[in-house]
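*Asks:* 416 is the number of the first residue of the sequence shown in the numbering used here; add one for each residue after it. Glycine included, C-beta positions come from ideal geometry on N, C-alpha and C.
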Amino acid sequence: MRLRLAGLMMSAALLMLSSARATETLTFLTWEDYIDPAVVHDFEQTHDAKVRFVYFEDDDERELILAQTRGLGFDLVMLDSMLLPFYRDQGWLRPLSVSTLPNARHVVMPWDQKPLGETFDHVPYAWGTVGIVYRADRVEKIPRSWMDYFQPDESLRGKILALNTVSTLYAMAFKALGGSMNHIDEEDVTRATNLLTLFTPYVKDWRNPELSENSELIKGDVVMALTFNGDALQLMEHDNRLAFALPREGTGLWMDTLVVMNNSPRARLAEAFINFLNDPEVNARNTQHIFYATPNKAAEKYLPENFLRDPVIYPDATVLQRSEVFTPWPGELNRRMNQHFVELTFRQ
């Protein structure tokens, strides 16, 4: 009897341990609809875990969430690579290694194709461009220049969407004015602010377009929008009247990257998730879902040829040469732009 009771107690303990593993939950701060749900489901099944998503609408909201929480409560964060130096200074990034993330060997930095090395503190997830999505049947001319967006035809008054992100909006204004989006001074900020002030009456709202079949672009309430290339492709899947333009002045190149928070109690699970995402076949599946270029070189052999040759996803060398990678601006100039942007949006 005693042995049988001990056996039952052992079985119950094992069941409790199994249940505990099954309910371990990874908290992931990221963009909405930026990962294949089937890939997440496969990870949850193979690792007896759950992934809880917390979404932000733009970069500024993510930074507000993390500032308010001091980074506590999140295991994994989708981060704009431009902000990596700030996060390092805060001591928020957990050191990572190929010893626990062997699939990170497949990942390279998009701009120079350099591998991550043996140790690192982030793993690139996707990269892309900023451009103009528009209704080809509703515009007088194709937006070939950034000035076609910032100084549009009068018929587009109140028919344009602008991203609610200071860095993106000002960067493209700098490009429209013929300058660099990174090497700027006070005069550049003043000229860009004046351009955005004149542009404001044409803006219906300051946000990314809806990406569903109910998008304001599809319904015709909006005719043109500043957006990311992958988002534009999602919209174009719904309606062939939509097109995407990368203006001749070049654009901004961005990279989203995954970081494990240094205070995460589930850091090993977060590392397992990143490693799972970078299995080449899994990565190829996810890449096709999000419509963005992947930094995972080994995944490319599992991607369709038409995906790899799509100029919206993988711009040609000429476009890349005219474009610039987003980098942080000097503190005082950045504060000025943030202040001007608040005034512009409040005034509207």
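1) Closer than 8 Å is the cut-off here; do at least three beta carbon pairs connect the region 727-745 with the region 582-602?
2) Alpha carbons only, please: which of Arg663, Asn623, Gly667, Thr666 is nearest the one belonging to Ala647?
3) In angstroms, rounded to a whole number, what distance separates the CA positions of Leu641 and Val513?
4) Please look up how many angstroms separate the CB atoms of Ala714 and His456, rounded, as I've assumed it's under 8 Å.
5) Which complete beta strand (DSSP E) runs does the region 469-541 hold, if anything under 3 residues is left out?
6) Let me confirm a value: Gln649 is counted as buried when at least 16 other C-beta atoms fall within 10 Å, else exposed. Which label applies?
7) Check whether the region 525-545 and the region 557-577 touch, using three or more Cβ-Cβ pairs below 8 Å as the test.
8) Can you list, in chain order, the residues of its chain with a C-beta nearer than 7 Å to that of Leu487? Leave out the 5 residues immediately preceding and following it.
9) Where in the region 617-680 do unbroken runs of the alpha helix (DSSP H), each at least 4 residues long, occur, reported from the N-terminal end onward?
10) So the alpha helix (DSSP H) Trp561 belongs to, where does it begin and stop?
11) In three-state DSSP terms, what is Ala421?
12) What did DSSP end up calling Arg467 once you bin it into helix, strand or coil?
13) Can you give the Cα-Cα distance for Thr608 and Glu555, rounded to whole angstroms?
14) Determine the contact status of His537 and Ala687, defining contact as a CB-CB distance below 8 Å.
15) Check the DSSP bridge columns for Thr544 and list the partner residues they point to.
16) Ignoring anything shorter than 4 residues or poking outside the region 688-739, list the alpha helix (DSSP H) runs there in chain order.
17) Near Gly506, what residues of its chain come up, given a Cβ to Cβ distance below 8 Å and the 5 sequence neighbours on each side ignored?
18) Starting from Ala588, follow the alpha helix (DSSP H) in both directions and report where the run begins and ends.
19) For the putative contact between Leu668 and Ile689, defined by C-beta atoms under 8 Å, what is the C-beta separation to the nearest angstrom?
20) Helix, strand or coil: how does DSSP classify Ser434 here?
21) Between which residues of its own chain and Val492 is the CB-CB distance below 6 Å, once the five residues before and five after are set aside?
22) Quick one: is Ala551 buried, meaning 16 or more other Cβ sit within 10 Å of its Cβ, or exposed?
23) Buried or exposed for Pro452, please, with buried defined as at least 16 other CB atoms from any protein chain shown within 10 angstroms of its CB.
24) Does the structure place the region 713-727 close enough to the region 527-534 that three or more beta carbon pairs sit under 8 Å?
25) Tell me, to the nearest whole angstrom, how far the beta carbon of Ala699 is from that of Leu723; I am working on the premise that it is less than 8 Å.
*Replies:* Straight from the coordinates:
1) yes
2) Asn623
3) 37 Å
4) Going by Cβ atoms, the distance from Ala714 to His456 rounds to 19 Å, so no, they are not a contact pair.
5) 491-495
6) buried
7) no
8) Asn678
9) 631-634, 644-653
10) 561-565
11) Because the pLDDT at Ala421 is just 39, under 50, the model does not fix this residue reliably, and the point stays unresolved.
12) strand
13) 26 Å
14) no
15) Leu668
16) 695-705, 720-723, 732-737
17) Asn677
18) 581-591
19) Between Ile689 and Leu668 the Cβ distance is about 22 Å, and since that is not below 8 Å, they are no contact.
20) Note that Ser434 has pLDDT 46, beneath the 50 cutoff, so the model's placement of it is unreliable and the number below is only indicative. Here Ser434 sits in helix by DSSP.
21) Leu444, Val674
22) exposed
23) exposed
24) no
25) With 8 Å as the limit, Ala699 and Leu723 do not qualify as a contact, their Cβ atoms being about 10 Å apart.
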